[in-house]
Amino acid sequence: MLSLQIFTALIALLVSPFLASARPAARRNVNNFFLVATPTKTAHPTTSTGLNLIDPFHQEQFFLRAQEDAASYSEFNLTKGTLETLAMPPNLFTLETYESNIDTDSGEFFFLPESGTPGLFSFHGQWLAFNGSTSGFTICEPSNAIENPVVYWKGTDSTCVDTFIFRTTTDPASTST
């Protein structure tokens, strides 16, 4: 009987690393990547646009915009289902951690100061998913002071275009021509 318990314990030790890697994607931490939007979900997109934070109204809330030709782009982490990045709040001169949020009623995809609340973001391969779906992100033309198109979740405005968002370790600024 004791040898059966030892055998079971050894098997559990051998298998545990594989079980840990089988956790749901939303709970995996992924660090140091950039986000890029593309109109089609292909393995090697030929057309893509880097995504960056913008604070157009000098408020606490930042938006995620599609921006070509930026000098640099926001770098992200995925922690407990939440996208995180560093940003400088209005009227402060220190970097703070901001976390992703989606207002499912309006479709706004925005970032607020760190709350520690687990989110619904994950990756399916390299593709960003919200609540398990990689389909639903849209890039919409602004109707206000924002100069660049902004990412929405299931945007319904006539200017909205479906998009897919993927992660890359290559800064989009280093690949723009």
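Taken in order, the sequence shown gives residues -22 to -1, 1 to 155; the numbers are from mature numbering (1 follows the signal peptide of the UniProt record, and there is no 0). Using N, Cα and C, we set each Cβ at its ideal position, and we do this for glycine too.
Buried or exposed (CB count within 10 angstroms, at least 16 for buried), Pro91 | Label assigned to Pro91: exposed.
C-alpha gap between Leu64 and Lys58, whole angstroms = Their Cα atoms are separated by approximately 17 Å.
With distances taken between CB atoms, is the gap from Glu77 to Glu53 smaller than 9 Å?
-> Judged by beta-carbon spacing, Glu53 lies beyond the 9 Å limit of Glu77, meaning their Cβ atoms are not closer than that value.
Are there 16 or more other CB atoms within 10 angstroms of the CB of Asn30, so buried, or fewer, so exposed?
-> By the neighbour-count criterion, in which a residue is buried when 16 or more other Cβ atoms sit within 10 angstroms of its Cβ, Asn30 is buried.
Do you know offhand how far Thr72's Cα is from Phe144's?
-> In a straight line, the C-alpha of Thr72 is about 28 Å away from that of Phe144.
Between which two residues does the beta strand (DSSP E) harbouring Ala151 extend?
-> It is not in any beta strand (DSSP E) - Ala151 instead sits in the alpha helix (DSSP H) that spans Pro150 to Thr153.
Give every residue of the same chain whose Cβ lies closer than 6 Å to the Cβ of Asp135, excluding the five residues on either side of it in the sequence, and list them in chain order.
-> Cβ neighbours of Asp135 beyond the five flanking positions: Cys118.
Measure the CB-CB distance between Phe40 and Phe88 and report whether it falls below 9 Å.
-> Yes, the pair counts as a contact, with Cβ atoms nearer than the cut-off.
Quick one: Cα of Asn55 to Cα of Glu86, how far?
-> Taking the CA atoms as reference points, Asn55 sits about 20 Å from Glu86.
For Asp140, name the three-state secondary structure that DSSP assigns.
-> Of the three classes helix, strand and coil, the one that applies to Asp140 here is strand, per DSSP.
Beta-carbon proximity list for Val8, same chain, < 8 Å, skipping 5 on both sides = Residues Asn55, Leu56, Phe101 and Arg145 of the same chain have their beta carbon placed closer than 8 Å to that of Val8, with the five preceding and five following residues left out of the count.
Reference Ala48, options Gly94, Phe35, Val14 and Asn69, closest by Cα | Nearest option by C-alpha distance: Val14.
List the endpoints of the continuous beta strand (DSSP E) containing Asn30.
-> Secondary structure note for Asn30: its beta strand (DSSP E) is the uninterrupted segment Thr27 to Ile32.
Simplified DSSP assignment, three categories, for Pro91 = If DSSP states are grouped into helix, strand and coil, Pro91 belongs with the strands.
Residues that Glu86 bridges to, as DSSP identifies them = The partner list for Glu86 (beta bridge, DSSP) reads Tyr130.
Straight-line Cα distance separating Asn126 from Pro67 | Looking at the backbone, the Cα of Pro67 and that of Asn126 are separated by about 20 Å.
DSSP on Asn69, reduced to helix/strand/coil?
-> The answer is coil: DSSP assigns Asn69 none of H, G, I, E or B.
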